[in-house]
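J.: Have a look at this one before I ask anything.
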Amino acid sequence: MQPDLIVILTVAAAASSIGGLLLCLRAWSEETLYAMVSVGGGLLLALTLLDLLPHTMEGGSERAMPLVMFGFALLFALELIGGAERKAGSSRLIGLFSGFLLHAYVEGVSLIASYHLDHRIGFSVLLAMVLHKVPDGVIFASLVLAATRSQWKAFWGTAALGASTLAGAFSVGAVEQIFPDGWSSVVIALTTGVFLYVSASHLVPLIQNGRRVLGVYFFAGMVAYLFVTAVWLPGGHVHA
Numbered sequence: 001m002q003p004d005l006i007v008i009l010t011v012a013a014a015a016s017s018i019g020g021l022l023l024c025l026r027a028w029s030e031e032t033l034y035a036m037v038s039v040g041g042g043l044l045l046a047l048t049l050l051d052l053l054p055h056t057m058e059g060g061s062e063r064a065m066p067l068v069m070f071g072f073a074l075l076f077a078l079e080l081i082g083g084a085e086r087k088a089g090s091s092r093l094i095g096l097f098s099g100f101l102l103h104a105y106v107e108g109v110s111l112i113a114s115y116h117l118d119h120r121i122g123f124s125v126l127l128a129m130v131l132h133k134v135p136d137g138v139i140f141a142s143l144v145l146a147a148t149r150s151q152w153k154a155f156w157g158t159a160a161l162g163a164s165t166l167a168g169a170f171s172v173g174a175v176e177q178i179f180p181d182g183w184s185s186v187v188i189a190l191t192t193g194v195f196l197y198v199s200a201s202h203l204v205p206l207i208q209n210g211r212r213v214l215g216v217y218f219f220a221g222m223v224a225y226l227f228v229t230a231v232w233l234p235g236g237h238v239h240a
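Numbering of the sequence shown is given in full-length UniProt numbering, commencing with residue 1 and proceeding in unit increments.
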């Protein structure tokens, strides 16, 4: 495995655990957590619309767009299931843990697929993912802490999210050995739908229902992505 890919996987897997560790070390304000989520959401939406979606379209929109819709619908279904688990009460923690684990697994798959398609996109996905996963780790750890009153269990719960991200990444390697041709375009299309749901349908309503300044943070994330990509590629975006 390439050294830079090892670094990417380590950072992505550690992000959730860092979130849990931060919660154990200090209590972060709700405003700070929402600000991080808002910036990460803006980055993720810009990444999806400016890079992942064009790559998907170039791969053949007639075959790819249904996969985008499937990725979108998959996350929507998971959220519906998670909502049902929260209403059930007794299974709430198990439902939340399962949802977070599956989400982390999909992120690991998406990260490696993006990196194989274009290293620049892979690093962009990593940046957006870290900004998204650290608050995720804090939020998940806080839920476990509230349910179990154990900081140890809260930390190891977030460590499990990191392990799930690694599992997703390594499973892509297994798929690559079995299906070497065209596998990445399928995963990128699914990833586009997943990220589109997370950034537009999940985070945007959350931000709109919060303080007005969160919208500014979200917009700043989009502008930051535009600026960074303009610096990296002054001639514009290049799609493989």
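Note that beta-carbon positions come from the ideal geometry of N, C-alpha and C, so glycine has one too.
Quick caveat, the model's predicted, so the values are computed rather than measured.
Kindly indicate the opening and closing residues of the alpha helix (DSSP H) around residue 52.
T.: Counting from 1 along the sequence shown, the entry for residue 52 is found at position 52. It is not in any alpha helix (DSSP H) - residue 52 carries neither H nor E in the DSSP assignment.
J.: Is any heavy atom in the ligand SAM found nearer than 8 Å to the beta carbon of residue 74?
T.: This structure simply doesn't include the ligand SAM, nor any ligand for that matter.
J.: Restricting to Cα atoms, I'd like to know which of 105, 198, 134, 38 is closest to residue 20.
T.: Position 20 of the sequence shown, counted from the start, is the residue given in the question as residue 20. Looking at the Cα atoms, 134 is the closest of the given residues.
J.: Is the separation between the beta-carbon of residue 154 and that of residue 144 shorter than 9 Å?
T.: Position 154 of the sequence shown, counting from 1, holds the residue named residue 154. Position 144 of the sequence shown, counting from 1, holds the residue named residue 144. In contact: residue 154 and residue 144 (Cβ atoms closer than 9 Å).
J.: Quick one, which of 138, 22, 49 has its alpha-carbon nearest residue 197's?
T.: Here the question's residue 197 lines up with position 197 in the sequence shown. Comparing Cα positions, the closest option is 49.
J.: For residue 168 and residue 207, what's the separation of their Cα atoms in angstroms?
T.: Sequence index remark: in the sequence shown, residue 168 carries index 168 (1-based). Sequence index remark: in the sequence shown, residue 207 carries index 207 (1-based). If I take the Cα positions, the gap works out to 28 Å.
J.: Could you tell me whether the stretch 186-195 touches the stretch 50-59, where touching means 3 or more Cβ pairs closer than 8 Å?
T.: Touching, per the Cβ criterion.
J.: Is it buried or exposed for residue 100, if we count other Cβ within 10 angstroms and need 16 for buried?
T.: Within the sequence shown, the letter at position 100 stands for residue 100. By the 10 Å Cβ count, residue 100 comes out buried.
J.: Less than 9 Å between the beta carbons of residue 212 and residue 34, yes or no?
T.: As a position in the sequence shown, residue 212 is number 212, starting the count at 1. As a position in the sequence shown, residue 34 is number 34, starting the count at 1. No, the pair does not count as a contact, with Cβ atoms beyond the cut-off.
J.: Do you know how far the Cα of residue 164 is from the Cα of residue 226?
T.: In the sequence shown, counting from the first residue as 1, residue 226 sits at position 226. In the sequence shown, counting from the first residue as 1, residue 164 sits at position 164. Taking the straight line joining both Cα atoms gives about 30 Å.
J.: Classify residue 148 as buried or exposed, calling it buried when 16 or more other Cβ atoms lie within 10 Å of its own Cβ.
T.: As a first step, residue 148 is located in the sequence shown; it is residue number 148 there, counting from the start. Burial call: exposed.
J.: In chain order, what residues of the same chain lie with their CB nearer than 8 Å to the CB of residue 72, ignoring the 5 residues before and after it?
T.: By one-based count along the sequence shown, residue 72 stands at place 72. 193, 194, 196, 197, 201.
J.: Which stretch, first to last residue, makes up the alpha helix (DSSP H) that contains residue 198?
T.: As a working mapping, residue 198 is identified with position 198 in the sequence shown. From DSSP, residue 198 is part of no alpha helix (DSSP H); its letter is neither H nor E.
J.: Thinking residue 161 and residue 113 are a contact (beta carbons under 8 Å), I'd like their distance in whole angstroms, please.
T.: Position 161 of the sequence shown, counted from the first residue, corresponds to residue 161. Position 113 of the sequence shown, counted from the first residue, corresponds to residue 113. Not a contact, Cβ separation roughly 19 Å.
J.: Where residue 214 and residue 45 are concerned, what is the direct C-alpha to C-alpha distance, given to the nearest angstrom?
T.: Here residue 214 corresponds to residue number 214 of the sequence shown, with the count starting at 1. Here residue 45 corresponds to residue number 45 of the sequence shown, with the count starting at 1. The straight-line gap from Cα to Cα measures roughly 15 Å.
J.: So, at 7 Å on beta carbons, what are the nonlocal neighbours of residue 128 in its own chain, with the 5 sequence-adjacent residues on each side left out?
T.: Locating residue 128 in the sequence shown gives position 128, counting from the first residue. Around residue 128: 40, 43, 44, 47.
J.: Measuring straight from C-alpha to C-alpha, what distance separates residue 156 and residue 109?
T.: The residue given as residue 156 occupies position 156 in the sequence shown. The residue given as residue 109 occupies position 109 in the sequence shown. Near 22 Å, if we compare the C-alpha coordinates of residue 109 and residue 156.
J.: Tell me the DSSP secondary structure of residue 210 in three-state form.
T.: Position 210 of the sequence shown, counted from the start, is the residue given in the question as residue 210. In the structure shown, residue 210 sits in coil (DSSP, three-state: anything other than H, G, I, E or B).
J.: With distances taken between CB atoms, is the gap from residue 186 to residue 172 smaller than 9 Å?
T.: Here residue 186 corresponds to residue number 186 of the sequence shown, with the count starting at 1. Here residue 172 corresponds to residue number 172 of the sequence shown, with the count starting at 1. Contact flag unset, no.
J.: By alpha-carbon positions, which one of 37, 141, 190, 9 ends up nearest to residue 222?
T.: As a position in the sequence shown, residue 222 is number 222, starting the count at 1. Nearest C-alpha to residue 222: 37.
J.: Please classify residue 8 as buried or exposed, where buried requires at least 16 other C-beta atoms within 10 Å of its C-beta.
T.: Taking the sequence shown and counting its residues from 1, the one referred to as residue 8 is at position 8. Buried, by the Cβ-count rule.
J.: Taking 9 Å as the cut-off, decide whether the C-beta atoms of residue 22 and residue 137 are in contact.
T.: As a working mapping, residue 22 is identified with position 22 in the sequence shown. As a working mapping, residue 137 is identified with position 137 in the sequence shown. It is a contact, given that the beta carbons lie within the stated cut-off.
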